[in-house]
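First up is the structure itself, then whatever we jot down about it.
Protein chains: 2
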Amino acid sequence: MPDHAHEPLDDREVLAACRVHSDTALADHDPRATFGWDKDAAKDRFRIVADEVSELQKRLFAADERALLMVLQGIDAGGKGGTIRSVMNRLNPAGVSVHGFGVPSDEERAHDFLWRIHDHAPERGKIAVFDRSHYEDVLVVRVKDLVPEPVWRKRYEHIRNFEELLDDEGTTVVKFFLDVSKEKQRERLQDRIDDPDERWKFRKGDLDDRVMWDDYQAAFQEALRETSTDAAPWYVVPGDRKWVRNLVVALALRHHLEQIGPEYPPAEEDIDGLVVE
Amino acid sequence: MPDHAHEPLDDREVLAACRVHSDTALADHDPRATFGWDKDAAKDRFRIVADEVSELQKRLFAADERALLMVLQGIDAGGKGGTIRSVMNRLNPAGVSVHGFGVPSDEERAHDFLWRIHDHAPERGKIAVFDRSHYEDVLVVRVKDLVPEPVWRKRYEHIRNFEELLDDEGTTVVKFFLDVSKEKQRERLQDRIDDPDERWKFRKGDLDDRVMWDDYQAAFQEALRETSTDAAPWYVVPGDRKWVRNLVVALALRHHLEQIGPEYPPAEEDIDGLVVE
């Protein structure tokens, strides 16, 4: 924590505060954190940062050298869909693919847990967004005891190795855990039930997961600690306030795209001064 | 043509005017047409119609019954990329996939011409956008004489059958030809050359295609006539003015989504009045 905690944090400090390390405790992260930001100013800044992300995406696409994979995890009603809508729809849709990973199909289950994931990795120049991901295989699988512990426990290393492969071969991996309080989840689930246009999204099974809240938090915390690497860092994003969440995600995307530093490729030779007839 | 050609056309008349029939002549379509619209008013209307398309997309996604495939064809600098950026990025990116079809890979060429296309057909609930498509196999392939005429000529029927299959099995197909004048293409290609950030997009080969302008127009006209069906209609979109183009595409998408008429699915039983603890 910086000395002047009452002053707004700068962008670097915010990302540092959200970044997961091997001793990160979710209990130390406040889902209602604002980093000293004013709401209206943060919304204005979000639009500016999102436009910068959009410009960087154009260059990423043009350069056609590296890709970016954004992984989104969180509980039901944690805001994964809203984050995708808010942040990604300011980008050129031709350069973005979004894939939601649900319960595996029979064919997917007949392979190792990374098989279906690898298939959706982005091609050079593109940004892929995973709404849920291979992390379900150390989260729900663990909490619901779907595979034995020795199997899911070894997956941390498989995940680290896989993500290092992606990074080394040209895909930058950035991962976000949307950190929502139990009270905020209650409120959002209730809103779903009460809104006729949203009610179809609600499954009574969502409440079973809510009963296992502490088990999920423990599983998230261990998974984040075990797999937040320089090649593929995790960020804990305060999720109760959408305007904070959106700005943090945009800042992190901008940071990692700047690290890639994509540039427009050179034109073909002898084009300078060419006149089209 | 309606009697009062000096009055703005209504939406139905615009779509009817753009719709391709078996006797459509591209020469009768004006790339600079405005349908009597005022520019500022049309831009405002575009935002309204795009929001309606966005609401229909939410229902399409929720209903999870039908999909929509949007095919975009046109010459280089015809505005395919700009149309995708303008129209599609008002939609939820989680429900949209965009795929550009370039020169086929060795593996793709080892199969029939619809093999790679079928692979990218949208799943239920989704909208897929094809930036170029299977139509290249009756366009560039014909103009550049890449396969014998008896082969590409039979493809019209294969395409009609394939698109009817998609429609019957749940995917509505809507196709847009972006109709740009030769002078406007000259202007846009020149802008690309003169803009350092755009120059990388320019290929000298683009000028070779321009020399074969009339051949391409003839190939487009025949392909449109042969494959504009009730199951998968073509629209000729006036492409010289972006604000006309965007509004026409949005109107057609809205029309075809309304034809699908997606509704939010019913909630699970016993949810009414449920209180989340």
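Protein chains in written order, with UniProt numbering: chain S, 1 to 277; chain X, 1 to 277. All C-beta atoms, glycine included, are put in the ideal place defined by N, C-alpha and C. If you're wondering where the values come from, they're calculated on a predicted model, not measured in any experiment.
- Query: Looking only at C-alpha atoms, which of S:F61, S:R66, S:G81, S:E65 sits nearest to S:R245?
  - Reply: Taking the first residue of the first sequence as position 1, residue 245 of chain S is located at position 245. Cα-wise, what sits closest to S:R245 is S:G81.
- Query: How about S:P262 and S:R59: are their beta carbons less than 7 Å apart?
  - Reply: For the purposes of this step, residue 262 of chain S is taken as the residue at position 262 of the first sequence. For the purposes of this step, residue 59 of chain S is taken as the residue at position 59 of the first sequence. In this structure, S:R59 lies closer than 7 Å to S:P262 by Cβ.
- Message: Nearest by alpha-carbon distance to S:R188: which of S:V174, S:T171, S:Y235, S:D206 is it?
- Response: Locating residue 188 of chain S in the first sequence gives position 188, where the first residue counts as 1. Comparing Cα-Cα distances from S:R188 to each of S:V174, S:T171, S:Y235, S:D206, the minimum goes to S:D206.
- Query: Taking Cβ to Cβ, would you say S:A42 is nearer than 7 Å to S:W234?
  - Reply: For the purposes of this step, residue 42 of chain S is identified with residue 42 of the first sequence, where counting begins at 1. For the purposes of this step, residue 234 of chain S is identified with residue 234 of the first sequence, where counting begins at 1. No; because the gap between Cβ atoms is not below 7 Å, this pair is not in contact.
- Query: Are the C-beta of S:Q190 and some C-beta of chain X separated by less than 7 Å?
  - Reply: As a first step, residue 190 of chain S must be located in the first sequence, where it is residue number 190. Cβ-Cβ to chain X under 7 Å: yes for S:Q190.
- DSSP-derived helix/strand/coil call for S:G79: The residue given as residue 79 of chain S occupies position 79 in the first sequence. Reduced to three states, the DSSP call for S:G79 is coil.
- Check S:V147 in the structure and name its three-state DSSP category. Along the first sequence, one-based indexing puts residue 147 of chain S at 147. Correct three-state label for S:V147: coil.
- Task: Put S:M70 into one of helix, strand or coil per three-state DSSP.
- Result: Looking up residue 70 of chain S in the first sequence gives position 70. Three-state DSSP puts S:M70 in a strand.
- Helix, strand or coil: which one does DSSP assign to S:A128? Start at 1 with the first residue of the first sequence, and residue 128 of chain S comes out as number 128. S:A128: strand per DSSP, three-state reduction.
- Task: For X:V141, decide whether its Cβ has a neighbour in chain S, counting only Cβ atoms nearer than 7 Å.
- Result: Indexing the second sequence from 1 puts residue 141 of chain X at position 141. No, its Cβ sits nowhere closer than 7 Å to a Cβ of chain S.
- Item | Same chain, Cβ closer than 7 Å to X:F162, five either side skipped, listed in chain order | Translated into the one-based positions of the second sequence, residue 162 of chain X becomes position 162. Excluding positions up to five away in sequence, the list reads L114.
- Message: Relative to the C-alpha of X:A27, which candidate in X:Q221, X:F177, X:Y135, X:M212 has its C-alpha closest?
- Response: Within the second sequence, the letter at position 27 stands for residue 27 of chain X. Checked all of X:Q221, X:F177, X:Y135, X:M212; the closest Cα to X:A27 is X:Q221.
- What residue from S:Y264, S:V237, S:R203 has the CA that sits closest to S:L253's CA? For the purposes of this step, residue 253 of chain S is taken as residue 253 along the first sequence, with counting starting at 1. The shortest Cα separation from S:L253 among S:Y264, S:V237, S:R203 belongs to S:V237.
- Kindly indicate which residue of S:F101, S:H99, S:R116 has the alpha-carbon position closest to the one of S:E107. Working through the first sequence from its first residue, we reach residue 107 of chain S at position 107. Among S:F101, S:H99, S:R116, the Cα nearest to that of S:E107 belongs to S:R116.
- Message: For a contact defined as C-beta to C-beta under 8 Å, what are the partners of S:S200 on chain X?
- Response: The residue given as residue 200 of chain S occupies position 200 in the first sequence. This sequence places Trp at residue 200 of chain S; Ser is not what is there. Result: A62, Y264, P265, P266, A267.
- Query: Which bits of chain X does S:L68 rub up against, with CB to CB less than 8 Å?
  - Reply: Here the question's residue 68 of chain S lines up with position 68 in the first sequence. Result: empty, since nearest Cβ-Cβ is about 14 Å, beyond 8 Å.
- Query: If you compare alpha carbons, which of S:A128, S:D230, S:G100, S:R160 is closest to S:Q57?
  - Reply: The residue labelled residue 57 of chain S in the question sits at position 57 within the first sequence. Of S:A128, S:D230, S:G100, S:R160, the residue nearest in Cα terms is S:A128.
- Sufficient close CB pairs (3 or more, under 8 Å) joining the segment 145-155 of chain S to the segment 82-101 of chain S: no
- For S:R203, which of helix, strand or coil comes out of DSSP? Here residue 203 of chain S corresponds to residue number 203 of the first sequence, with the count starting at 1. Residue state, collapsed to three classes: coil.
- Are any of the Cβ atoms in chain X nearer than 7 Å to that of S:V49? As a working note, residue 49 of chain S is residue 49 in the first sequence. By this cut-off, S:V49 is not an interface position.
- Task: For my contact list, X:P93 and S:V96 are in at a C-beta cut-off of 8 Å; report their separation, rounded to the angstrom.
- Result: Working through the second sequence from its first residue, we reach residue 93 of chain X at position 93. Working through the first sequence from its first residue, we reach residue 96 of chain S at position 96. So it is a contact: roughly 6 Å between Cβ atoms.
- Residue-level contact to chain S via CB, X:D76, 7 Å cutoff: Within the second sequence, numbered from 1, the residue matching residue 76 of chain X stands at position 76. It does not; no Cβ of chain S falls within 7 Å.
- Query: So which residues on chain X does S:I84 lean against when the C-beta distance must stay under 8 Å?
  - Reply: Residue 84 of chain S sits at position 84 when you count from the first residue of the first sequence. Per Cβ cutoff of 8 Å: N92, P93, A94.
- Top-ranked residue by Cα proximity to S:R203, from X:D10, X:L91, X:V276: One-based indexing of the first sequence puts residue 203 of chain S at position 203. Ranking X:D10, X:L91, X:V276 by Cα distance to S:R203 puts X:V276 first.
- Item | S:Y264 - partner residues in DSSP beta bridges | In the first sequence, residue 264 of chain S corresponds to position 264, counting from 1. Answer is none; S:Y264 lacks a bridge partner.
- Residue from S:R210, S:E123, S:G78 with nearest C-alpha to S:R241: In the first sequence, the residue the question calls residue 241 of chain S occupies position 241. Of S:R210, S:E123, S:G78, the residue nearest in Cα terms is S:G78.
- Any C-beta of chain S under 7 Å from that of X:R186: Stepping through the second sequence from its first residue, residue 186 of chain X is reached at position 186. Chain S contact via Cβ: present.
- Task: Flag X:G261 as yes if its beta-carbon sits less than 7 Å from any beta-carbon of chain S, otherwise no.
- Result: Your numbering for residue 261 of chain X matches position 261 in the second sequence. It does not: the Cβ of X:G261 has no partner Cβ on chain S nearer than 7 Å.
- Message: Residues in the same chain with beta-carbon distance under 8 Å from S:A63, minus the five sequence neighbours each way, listed in chain order, please.
- Response: The residue given as residue 63 of chain S occupies position 63 in the first sequence. Around S:A63: G125, P262, E263, Y264, P265.
- Could you check what DSSP says for X:P238 in three-state terms: helix, strand or coil? Position 238 of the second sequence, counted from the start, is the residue given in the question as residue 238 of chain X. X:P238: strand per DSSP, three-state reduction.
- Short Cβ contact (7 Å threshold) for S:S54 with S:F101: Looking up residue 54 of chain S in the first sequence gives position 54. Looking up residue 101 of chain S in the first sequence gives position 101. No, they are not a contact pair.
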